[in-house]
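Student:
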Ligand code: ADP
Ligand code: ADP
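Residue numbers (this note's numbering): 54 to 288.
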C-alpha cells in the first residue's frame, strides 16, 4: 500500500482573499499514525478535506498542488473514487450517518460500487468486526451512543477498503467512554492492521502514546513535523 504525498498544496476558499493552506508539503508513509495539531483556524480541517479529495472536487475555491496516494492523484478524483483510497470521519456523527440502521449505513458505499452481494456482505462483516460493532449491526442508528455512532462512521469508511483514514476531531462530541472506544479502534486499526491514521484531536494526552509523528500547523503551513517528544518540546 502506497504512501500519501502532499506536494505544494495551497487552497483559498471561494469568496475569500487569503490562502488557508500555503504550500503544504508532506509525505506520510503507509502505516503511520499522525496527529495533526495547531490552533483553531490554522487549516487542519481544510487539509483533512483535501486529503479526502473533497477539496477541490466538492468545495469551491482555488486549489493548487497535488495530493496522491502512491502515484494515484487524489486531488483530481471524483469523491466516490477518492473514498476507495482515503476515508474521512468528521466531528459530528449526525452529519455523516444518513441511513436508518447500522448495516445499511456500512453497506451503502460498497453497494454504490456495484459489487456482488457476497462481496458487500463480506466487507460489511469485516468492517463491523474491526470496529467491534458486529453485535449491533441490526440496530437503528438513533439508538446508538455517540461512540458507537462514530464507530459506524469508521466502519463505513473501512467497507470502502481505503487504507488511509483521516479523522477531524472524531471524539469532540463524545463522553469519556465513547472517546476511549473510538481511540481504541483507531489504535487497533493502526497497530494490528496497518491502517494509516491521520487524526485531528485535541485530547493529545490520550493519543500521544501511540502517535508516530506530530504535524503542527500554523496559518496554513506545517511548522513542526517531528516525533511526539520533539514536537512538544518545540511547542
Ligand atoms: P482548523 O480546522 O485548524 O480550525 P479550518 O481548516 O477549519 O481550520 O479553517 C481555516 C481557515 O479557513 C479559517 O480561517 C476558517 O474560518 C476558514 N474557512 C473554513 N471553512 C471555510 C469556508 N467554507 N469558506 C471560507 N472560509 C473557510
Ligand atoms: P472547526 O471545528 O474545524 O474549527 P469551524 O467551527 O471553523 O470548524 O467551522 C465549522 C463549519 O463552518 C465548517 O463546515 C467550515 O467549513 C465552515 N466555516 C468555517 N469558517 C468559515 C468561513 N469563514 N466562511 C464560511 N464557512 C466557514
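Glycine residues also receive a C-beta, built at the ideal position from the N, C-alpha and C atoms.
Just so it is clear, the structure is predicted and the values come from calculations on it, not from any experiment.
1) Shortest alpha-carbon distance to residue 244 belongs to which of 257, 265, 197?
2) For residue 199 versus residue 228, is the C-beta spacing smaller than 8 Å?
3) Please list the terminal residues of the continuous alpha helix (DSSP H) segment that includes residue 154.
4) If we count the other Cβ atoms within 10 Å of its Cβ and call it buried at 16 or more, is residue 195 buried or exposed?
5) Let me know the beta strand (DSSP E) ranges lying completely inside the stretch 171-253, each 3 residues or longer, listed in chain order.
6) Return yes when the C-beta of residue 118 is under 7 Å from any heavy atom of ligand 1, and no when it is not.
7) Throw me the rounded Cβ distance for the residue 144 and residue 222 pair, which I believe falls under 8 Å.
8) Once you ignore the five residues that flank residue 162 on each side, which residues in its own chain have a CB closer than 7 Å to its CB?
9) Please state the DSSP three-state secondary structure of residue 268.
10) To the nearest angstrom, report how far apart residue 18 and residue 219 are at their CA atoms.
11) Since I believe residue 267 is in contact with residue 90 (beta carbons under 8 Å), could you give me their beta-carbon distance rounded to a whole number of angstroms?
Tutor: Inspection of the coordinates gives the following:
1) Selected option, being the one with the closest Cα: 265.
2) Yes, the pair counts as a contact, with Cβ atoms nearer than the cut-off.
3) From DSSP, residue 154 is part of no alpha helix (DSSP H); its letter is neither H nor E.
4) exposed
5) 217-221, 249-253
6) At a threshold of 7 Å, residue 118 does not count as near ligand 1, since its beta carbon sits no closer than that to any of the ligand's heavy atoms.
7) Right, their Cβ atoms sit about 4 Å apart.
8) 136, 209, 212, 213
9) strand
10) The structure shown does not extend to residue 18, since the chain is modelled only from 54 through 288, so no value can be given for it.
11) 6 Å
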